[in-house]
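Asks: There's a structure below that I have some questions on.
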Amino acid sequence: MKARIKFKKSGALRFIGHLDVMRFFQKAMRRAGIPIAFTKGYSPHMIMSFASPLGIGHSSDSEYFDIELKEAVSGREAVKRLNEVMVEGMEVVSFRQIGEEKKMTGMAIVAAAEYLTTLKKGSLPDNWKEKISEFLAQPEIRIRKQTKRSENEVDIKPLIYKLEVTENCFYMQVAAGSVQNLKPELVMEAFCRFLEVEWETVDFHHHRLEMYADVGNGSGRELKSLEDMGWEMEIETA
Amino acid sequence: MRKLALNDEILLEIEKPARYIGNEVNSVNKDASKVDVRFAICFPDVYEIGMSHLGIQILYDMFNQREDVWCERVYSPWTDLDKVMRREQIPLFALESQDPVKDFDFLGITIQYEMCYTNILQILDLSQIPVHSEERTWEHPIVIGGGPCTYNPEPLAEFFDLFYIGEGETVYDELLDLYKSCRLEGTSRETFLEKAACIEGIYVPRFYEVSYDENGLLESFTRKIQSVPEKIKKQIVMDVTSAPYPMAPVVPFIKATQDRVVLEIQRGCIRGCRFCQAGMLYRPTRERDVETLKEYARAMLKNTGHEEISLSSLSSSDYSELKELVNFLIEEFQGEGVNISLPSLRIDAFSLDVMRQVQDIKKSSLTFAPEAGSQRLRDVVNKGLTEEMILDGAGQAFEGGWSKVKLYFMLGLPTETDEDMKEIARLSDRIARRYYEIPKEERHGKCQITASSSFFVPKPFTPFQWTAMCSSEEYIRRAYVVKHEFQEQLNRKSLKYNWHDADVTILEGVFARGDRRVGKVIEEAYRLGCLYDSWTETFCNEKWIEAFQNTNIDIEFYTTRERDLDELLPWDFIDIGVSKNFLKHEWERAVQGTITPNCRLKCYGCGAAQFGGGVCYEG
Ligand code: SF4
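Protein chains in written order, with the working numbering: chain P, 1 to 238; chain D, 1 to 619.
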């Protein structure tokens, strides 16, 4: 039986990297006594897979990982037990059952992510809000993207699904996952270039709002949050 | 939300920011306004090393059990953050509250190895606390040193207000209560220190003075005031079973060196190897009750969520309930995917059987620590491991499917000859031969015998405390003798030999048996930029040499000089319970090559029986 866990990450926990978050939850599972399944062999490890990693320094309302359970548990009870063993800055939001299909878990299904981005250092020209539509109206948005091996210029426009202003922040929805992934930093870098703002003089904070899977069947995107793909899990308690 | 001492920009700029944010599972937060004493406890090395230390976890838990005390942790900032803190004048802070250490009541530093001495100065310096005890006032915390290196605290005497000699569980309450009442009454810092010096086990260097004769030898060590004791008595816990033990140790976010539950099964060691300081310091051997340990294992695994549990002691095989405990751990936890790691086990039928159950034979290796290559020299150092035992153990293991062996040796032991050195290679080869005696069809390819040697450093309170150590050149020469002999061996293709750095060893030698004058070198080396000397990537021997030259301190006076048995030694004012006479006898027996059986076979009356318990009263 598979379950999906959604959690929030904030405060000091923003400085804990992806691998350490995984280690943290492996130990949390034991502390909370969640009946998680293990692989076989000499060094058995928990069957657990994480969705798209969050950059160091970012906060999030919606981080996910999927696990394999040995037996059913009450989702509500599991959330409560996990939160009893969390630390400040880490909060479990939901614990839901998900489909058994292999390709449905973890990283494999992530298609988009949503961010709230705020300026925390430096300044933007007064008319930055109006400039967003101009920015998006460009035929292409080219930027140098660094990968592990090389650096090349790419057009990120198709990967920006939404870029809007809410109050004094940016709200964006961008491609995420193993096929195409766009970091919010890159969008802001491209935008600053466009505004002719020196990239080194500004700094942004990114807060992940949600992660989505694409459930559309070929004809256009149909995004559904990873949480909504699961359903409440209850067990009979005597 | 908790505040952080470092801003986002700094945290994103440095390596592993998780070292500095605190907030880990089981870390303790209290309301600072509701406690009387704020205690910063420090391991002067990087977070991952410091967090792996059991002693700190014990004291952290013990202090925080007191409602009037809040104990927090401090580690050395790594070199990247060190630079930032200096540049931006950020005072060193404790992890829990993120408050500056300089505002605390106490700064307790555990001193586990000599090569952390410059890091101690870094801690004081970054905390903006004067490095010399003399310059501190009530504006500053009381700086306490503890841990094995404090059995010769003299090189550090100027930097500490007081030293706690021995195991932390005994007189800390008394010290904290004294502090509280002194602060309440408004007594002077000096008066507090004077009263503290009267607590058993507490050494306050400023109340003692030393003089040297024309040859530079220690001439006298005397009290400046009569109210303080002449000798400082080591503190130990006799009932280790009911001593405090942390049921919920702090779980780091990043992987610490010791990323597991640690069960300390006993203190002390019955063996009496003559080079081993711990073996003398922690006498007598005291065991923890096995039923209590089982409960601890259960509670600690539950409270930490660790996936591994390990036993800790100087020689686990000597723990009388070992079988019972190990079988319990396997039965109880292995099914839950908990790894069981068993260091320092003697290789025999039982341990091989256990290892087969808990680890992958193909990947794991057997470990022996013969310390010396020849039986003659093993007798000198009283290492009760014979060649027969090694070959038998290895043989059984090879037949059971193992093919990797690790061997640990020391070079430069007293009376060592070239012949003894060469025996290291020959013994390694004989182990390999034993492997190739197994019919080819039953073997698993080639065997891999890896021998490593470190260089011997004579330590205070051992039978070798008077002996000369070698010069750096001589150590290297010896390593080459061994290396050359390895190339002569039949199975040389299955053998590997490596040795440790000799320059660091020399410095360890100076500090291990140094006196108060040596403090100047540490200060000078720190001024020249020495830091993290136990790390190869940061150790800089040239700067150290420069520091010795600048302070006119002669390295060889402390290292290659053989001490007279009647010489007044800098640490003679400490009473560890083991008598100097016993150490002298042991030295004489060593020279004759006479072994001394372990405490369980025969008591040689070392003096530790005065503590009234442990192995001395077993029979
Ligand atoms: S008094 Fe005897 S039994 Fe006790 S520690 Fe010393 S030698 Fe061992």
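C-beta: ideal position from N, C-alpha, C; glycine also.
All of these numbers come straight from a predicted model, not from anything done at the bench.
Less than 7 Å between C-beta atoms, sequence neighbours within five positions excluded: which residues of the same chain meet that for P/E140?
Replies: The answer, listed in chain order, is D155 and K157.
Asks: How long is the line joining the alpha carbons of D/R589 and D/V380, rounded to whole angstroms?
Replies: One C-alpha to the other measures close to 8 Å.
Asks: Under the three-state reduction of DSSP, which class applies to D/C71: helix, strand or coil?
Replies: Here D/C71 sits in strand by DSSP.
Asks: Within 7 Å of any Cβ in chain D, is that where the Cβ of P/K9 sits?
Replies: No, no contact with chain D.
Asks: Strictly under 7 Å for the Cβ-Cβ distance: is D/D360 near chain P by that measure?
Replies: Judged by the 7 Å Cβ criterion, D/D360 is in contact with chain P.
Asks: Given the structure, does P/A72 come close to the ligand SF4, in the sense that its CB is under 6 Å from one of the ligand's heavy atoms?
Replies: P/A72: no, Cβ never under 6 Å from the ligand SF4.
Asks: Quick one: what does DSSP say D/S27 is sitting in, helix, strand or coil?
Replies: Residue state, collapsed to three classes: coil.
Asks: Can you give me the C-alpha to C-alpha distance between D/E586 and D/T596, rounded to a whole angstrom?
Replies: Cα to Cα, D/E586 sits roughly 8 Å from D/T596.
Asks: My understanding is that D/I347 touches D/L322, with C-beta atoms under 8 Å, so please give their C-beta distance in whole angstroms.
Replies: With a Cβ gap of about 14 Å, D/I347 and D/L322 do not count as contacting.
Asks: Kindly indicate which three-state DSSP category D/N498 falls into: helix, strand or coil?
Replies: Reduced to three states, the DSSP call for D/N498 is strand.
Asks: From the DSSP output, in three-state form, read off P/A238 for me.
Replies: In this predicted model, P/A238 has a pLDDT of only 47, less than 50, meaning its place in the structure is not dependable enough to derive any value.
Asks: Please classify D/C198 as buried or exposed, where buried requires at least 16 neighbouring CB atoms within 10 angstroms.
Replies: Answer is exposed; the Cβ neighbour count stays below 16.
Asks: Within 7 Å of any Cβ in chain D, is that where the Cβ of P/G216 sits?
Replies: It does not: the Cβ of P/G216 has no partner Cβ on chain D nearer than 7 Å.
Asks: Distance check for D/C530 and D/L217, CA to CA, integer angstroms please.
Replies: If I take the Cα positions, the gap works out to 28 Å.
Asks: Would you tell me roughly how many angstroms separate the C-alpha atoms of P/S178 and D/S310, rounded to the nearest one?
Replies: About 39 Å.
Asks: By Cβ distance below 6 Å, which residues in the same chain neighbour P/L13 in space, the five residues on each side in sequence not counted?
Replies: The residues are G89 and M90.
Asks: Counting only Cβ pairs nearer than 7 Å, list the residues of chain P close to D/H306.
Replies: What D/H306 touches in chain P: K27.
Asks: Taking DSSP as the reference, what is the three-state secondary structure of D/A621?
Replies: Outside the displayed range of chain D (1 to 619) lies residue 621 of chain D, so it cannot be described from this structure.
Asks: What do you get for D/M1, buried or exposed, if any count of 16 or more other CB atoms within 10 angstroms of its CB means buried?
Replies: By the neighbour-count rule (16 or more Cβ atoms within 10 Å), D/M1 is not buried but exposed.
Asks: Kindly examine the ligand SF4 and report whether one of its heavy atoms sits closer than 6 Å to the Cβ of D/Y617.
Replies: No, the ligand SF4 has no heavy atom inside 6 Å of this Cβ.
Asks: Helix, strand or coil for D/Y532 per DSSP?
Replies: Three-state result, D/Y532: coil.
Asks: If you draw a straight line from the C-alpha of P/D20 to the C-alpha of D/A512, how long is it?
Replies: Rounded to whole angstroms, P/D20 to D/A512 spans 38 Å at the Cα level.
Asks: Just checking: is the beta-carbon of P/G57 within a distance shorter than 7 Å of some beta-carbon in chain D?
Replies: Chain D, which has a Cβ nearer than 7 Å to the Cβ of P/G57, makes this yes.
Asks: Mind checking whether P/V110 and P/S52 have CB atoms under 7 Å apart?
Replies: Their beta carbons are under 7 Å apart, which means P/V110 touches P/S52 by this criterion.
Asks: Where does P/A238 land, buried or exposed, given buried means 16+ other C-beta within 10 angstroms?
Replies: With a pLDDT of 47 at P/A238, under the threshold of 50, the modelled position of that residue is not reliable, and the figure given next carries that caveat. The residue is exposed, with fewer than 16 neighbouring Cβ atoms inside 10 Å.
Asks: Tell me the rounded alpha-carbon separation between D/G146 and P/L182.
Replies: If I take the Cα positions, the gap works out to 52 Å.
Asks: Exposed or buried, D/E336, counting other C-beta atoms within 10 Å across all chains shown (16 or more means buried)?
Replies: Answer is exposed; the Cβ neighbour count stays below 16.
Asks: For the candidate residues P/D214, P/I143 and P/R149, whose alpha-carbon lies nearest to that of P/W199?
Replies: That would be P/I143, whose Cα lies nearest to the Cα of P/W199.
Asks: Since D/S310 is in the beta strand (DSSP E), which residue starts that stretch and which ends it?
Replies: E308 to S312 is the span of the beta strand (DSSP E), which, as asked, contains D/S310.
Asks: Compare the beta carbon distance of D/S494 and D/K446 with 7 Å and say whether it is the shorter of the two.
Replies: The answer is yes: Cβ separation under 7 Å.
Asks: Please report how far the alpha carbon of D/F398 lies from the alpha carbon of D/L601, in whole angstroms.
Replies: Computed Cα separation, rounded: 30 Å.
Asks: Starting from D/D429, follow the beta strand (DSSP E) in both directions and report where the run begins and ends.
Replies: From DSSP, D/D429 is part of no beta strand (DSSP E) but of the alpha helix (DSSP H) over D418 to Y436.
Asks: Should D/V240 go down as buried or exposed, given a rule of 16 or more other Cβ atoms within 10 Å for buried?
Replies: With 16 or more other Cβ atoms within 10 Å, it is buried.
Asks: Under a CB-based cut-off of 7 Å, is D/N23 close to chain P?
Replies: Answer yes: the Cβ-Cβ gap between D/N23 and chain P drops below 7 Å somewhere.
Asks: Starting from P/V73, find everything on chain D with Cβ-Cβ shorter than 9 Å and list it in chain order.
Replies: Ordered by position in chain D, no residue passes the 9 Å Cβ test against P/V73, which lies about 16 Å from the chain.
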